[in-house]
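Step one of this worksheet: look at the structure below.
Residue numbers (this note's numbering), protein chains in the order written: chain U, 47 to 249; chain S, 588 to 744.
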């Protein structure tokens, strides 16, 4: 039956707001944080290497993703591996954003943000990344040297594979690991980005 | 089957939930209700056992918050914020954000009111209305129809 009432309802529905305001969503993320029901916060951060997706838990930075990884695919992994309580919360990521900005300006030589290693397993992979995070600004090590630091000098290939799936590129500086013969080796974000970061750090 | 990230849920269905609440409790209470519903949803989300029809699941939580808000408002004395509508039915039934027609729906009994909102604002199927209201599909259909019938009778009386 299509009468006046149907028309009124349809008309009234058409006049409703199109959704919650950005401000309401921001307050929601803040409240979720306050009430302990926000497990993974994420934000987009602009950088000279393209927009980065950064995500963190209360324990620290969890993920830095180059734009080749779609937001959906990044969030899906976080939802599955960490918790489905994932929300966009730019303010939560402000400290990381500030550090990244300074780093890309050449003003920051060491990231102070704490790191949540949850996405790195608990075996050799994590040891390789931890060894990598201790390589100083502007320095490089070879894959073999990193493998040795991680406790297994022979596991050069495993170390290379591990670095290739570093969940926190830039902050855990896998770009500072190169081939022993002088070649750059591969990079999770493409070789041009590795060259860019190494050049940035040479000043 | 793993649960989608909550933000994805919010991106897909947040607008529908919010619109439903604006209609059901009015614009001034809708934002609070929306927050309450989302926080309650986040609290329960990791324990959710199936991820089929998350939209109906969200609206089920939202309609509970709408009922809470409605009852709370009934208890507190209301300043004359909305003067009584003129009795004349010559007035267009929709103006000012569609308030008059929603105000009339809000006068319906609880189940009918929620069923009509879920159907006409959130555009749910009867199966989804049933899921959101925790009742049978027949009951969902009956509540929508009886609610609309009552509204029509009021218009013509």
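Glycine included, each C-beta is placed from N, C-alpha and C at the ideal position.
**Item:** Nearest to residue 120 of chain U (by Cα), restricted to the options S:738, S:739, S:734, S:591
**Value:** S:591
**Asked** Where does residue 106 of chain U fall in DSSP's three states?
**Response** strand
**Item:** chain U residues whose Cβ lies nearer than 9 Å to that of residue 609 of chain S
**Value:** 62, 63
**Asked** Can you find a CB in chain S that lies within less than 9 Å of the CB of residue 142 of chain U?
**Response** no
**Request:** Look at the Cβ atom of residue 72 of chain U, then the Cβ atom of residue 136 of chain U, and state whether they are nearer than 9 Å.
**Result:** A contact, by the Cβ cut-off of 9 Å.
**Prompt:** Can you find a C-beta in chain S that's less than 9 Å from the C-beta of residue 139 of chain U?
**Reply:** No, its Cβ sits nowhere closer than 9 Å to a Cβ of chain S.
**Request:** Run the CB neighbour count on residue 125 of chain U, radius 10 Å, all protein chains shown included, and call it buried at 16 or more, exposed below.
**Result:** buried
**Item:** Contact under 9 Å by Cβ, residue 628 of chain S with residue 701 of chain S
**Value:** no
**Asked** residue 164 of chain U: buried (16+ other C-beta within 10 angstroms of its C-beta) or exposed?
**Response** buried
**Item:** CB contact below 9 Å: residue 614 of chain S versus chain B
**Value:** No chain B appears in the structure shown, which is made up of the protein chains U and S.
**Prompt:** What does a CB cutoff of less than 8 Å around residue 607 of chain S pick up in its chain, not counting 5 residues either side in sequence?
**Reply:** 646, 649, 650, 653, 704, 705, 708, 709
**Nearest-angstrom Cα separation, counted from residue 209 of chain U out to residue 182 of chain U** = 16 Å
**Message:** For residue 148 of chain U and residue 92 of chain U, I'd like the C-alpha separation in whole angstroms.
**Reply:** 12 Å
**Request:** Report the residue from U:243, U:83, U:122, U:50 whose alpha carbon sits nearest the alpha carbon of residue 218 of chain U.
**Result:** U:243
**Closer than 8 Å at the beta carbon, the chain S residues around residue 126 of chain U** = What residue 126 of chain U touches in chain S: 589.
**Message:** If you reduce the DSSP assignment to three classes, tell me which class residue 183 of chain U lands in.
**Reply:** DSSP, reduced to helix, strand and coil, places residue 183 of chain U outside both helices and strands of the structure shown, so it counts as coil.
**Asked** Using the C-alpha atoms, what's the distance from residue 655 of chain S back to residue 661 of chain S?
**Response** 10 Å
**Rounded C-alpha distance that separates residue 618 of chain S from residue 624 of chain S** = Between the alpha carbons of residue 618 of chain S and residue 624 of chain S lies a gap of roughly 10 Å.
**Message:** List, in chain order, every chain U residue whose beta-carbon is nearer than 8 Å to that of residue 602 of chain S.
**Reply:** 64, 65, 66
**is_contact[residue 86 of chain U, chain S] using C-beta, thresh 9 Å** = yes
**Per DSSP, the bridge partner or partners of residue 87 of chain U** = U:102, U:133
**Prompt:** Taking C-beta to C-beta, are residue 713 of chain S and residue 131 of chain U nearer than 9 Å?
**Reply:** no
**Residues near residue 60 of chain U by beta carbon distance below 7 Å, same chain, minus five either side** = none
**Prompt:** Would you say residue 622 of chain S faces chain U, with C-beta separation under 9 Å as the test?
**Reply:** yes
**Message:** Going by DSSP, what residue range makes up the alpha helix (DSSP H) through residue 189 of chain U?
**Reply:** 189 to 195
**Asked** CA-CA distance, residue 726 of chain S and residue 711 of chain S?
**Response** 14 Å
**Asked** If you run the structure through DSSP and keep just helix, strand and coil, what is residue 123 of chain U?
**Response** helix
**Prompt:** Can you find a CB in chain S that lies within less than 9 Å of the CB of residue 102 of chain U?
**Reply:** no
**When S:690, S:717, S:595, S:697 are compared against residue 613 of chain S, the one with the closest alpha-carbon** = S:690
**Request:** Note down the Cα distance separating residue 207 of chain U from residue 170 of chain U, rounded to an integer number of angstroms.
**Result:** 11 Å
**Request:** Flag this pair as yes or no: are the beta carbons of residue 190 of chain U and residue 226 of chain U separated by less than 9 Å?
**Result:** Cβ atoms of residue 190 of chain U and residue 226 of chain U: closer than 9 Å.
**Request:** Please say whether residue 154 of chain U and residue 89 of chain U have beta carbons closer to each other than 9 Å?
**Result:** no
**Beta-carbon proximity list for residue 150 of chain U, same chain, < 6 Å, skipping 5 on both sides** = 93, 94
**Message:** Less than 9 Å between CB atoms is the rule here; does residue 630 of chain S satisfy it with respect to chain U?
**Reply:** yes
**Item:** Residues sharing a beta bridge with residue 223 of chain U, DSSP
**Value:** U:187
**Asked** The alpha helix (DSSP H) spanning residue 79 of chain U covers which residue range?
**Response** Residues 68 to 80.
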